[in-house]
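Numbering (the working numbering), first residue to last: 1 to 255. For reference, the structure discussed in these notes is given below.
Pasting the structure below:
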């Protein structure tokens, strides 16, 4: 449970103009009310408060879908009562996930044969995906260092200063040093050459962004990858705000 420092005094109440016909008394803000209220009133009160949120369609940096076909919403509601972590209980949902994983793998030209399937997992968003990917990078690097008889207590990642905040959280939560490439005047994405200069034997990944949080600009993933290949390193790619890049018409390829 999240513990906040918000006051829970009895005097702080929730008010609603439109549902006042149902609610004759003040509703406590931080405690369960003594009695129930009509479901229509409860809905109206919460709906009124949510009106003060920002409009997702006007927030370019949300990294979320702001509209989808009604049928998608119906499918989501059909599955909202499933505890999907129990994959044995919901095998069809698991199969649909695996199909999506393979569709994305083929979209990105993953090196898998016709009789092979890609391995992956669905997440609730790009932040969770980055956490899992980062842990995979860290574990793979640690195993390699142990095989070579080297210490594995000081891993690091290289990103641009324009990186999404979830990369900073990953580094903080999982004890990984964050090396940031500073931005320069007129060049507001990570410089591949400067990034590779920061790479050492303790670097578990270099993160490139397709859709910078500052300008929406794509970083030069191909150049970065080519430079890293020379150092025999692997590239981590964050496409949370530009994952459509592989299917966009272009004269240059991306990794």
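A virtual CB, placed ideally from N, CA and C, is assigned to each residue, including glycine.
- By the 16-neighbour rule on beta-carbons within 10 angstroms, residue 141 is buried.
- Counting other Cβ atoms within 10 Å of its Cβ, residue 117 stays below 16 and is therefore classed as exposed.
- Take residue 66, set aside five residues on each side of it, and the residues of its chain with a beta-carbon closer than 7 Å to its own are 56, 57, in chain order.
- Judged by DSSP in its simplified three-state form, residue 154 adopts coil rather than helix or strand.
- Exclusion of the five residues before and after residue 202 leaves 154, 155, 156 as the residues of its chain whose Cβ lies within less than 6 Å of its Cβ.
- Comparing alpha-carbon positions, the option among 190, 177, 205 lying closest to residue 213 turns out to be 190.
- A check of alpha carbon separations from residue 138 across 35, 175, 77 identifies 175 as the nearest.
- Residue 133 carries a helical assignment under DSSP once its states are collapsed to helix, strand and coil.
- Annotation for residue 179: the continuous beta strand (DSSP E) segment containing it runs 177 to 181.
- The alpha-carbon separation between residue 84 and residue 72 amounts to approximately 18 Å.
- In chain order, 101 place their CB closer than 6 Å to the CB of residue 120, counting only its own chain and leaving out the 5 sequence neighbours on each side.
- Just measuring C-alpha positions, the residue of 54, 77, 86, 170 sitting nearest residue 204 is 170.
- 184 is the residue among 82, 184, 53 whose C-alpha sits nearest the C-alpha of residue 161.
- With respect to residue 199, residue 229 sits apart: the two C-beta atoms are not nearer than 8 Å.
- In the structure shown, residue 37 falls within a coil segment according to DSSP collapsed to helix, strand and coil.
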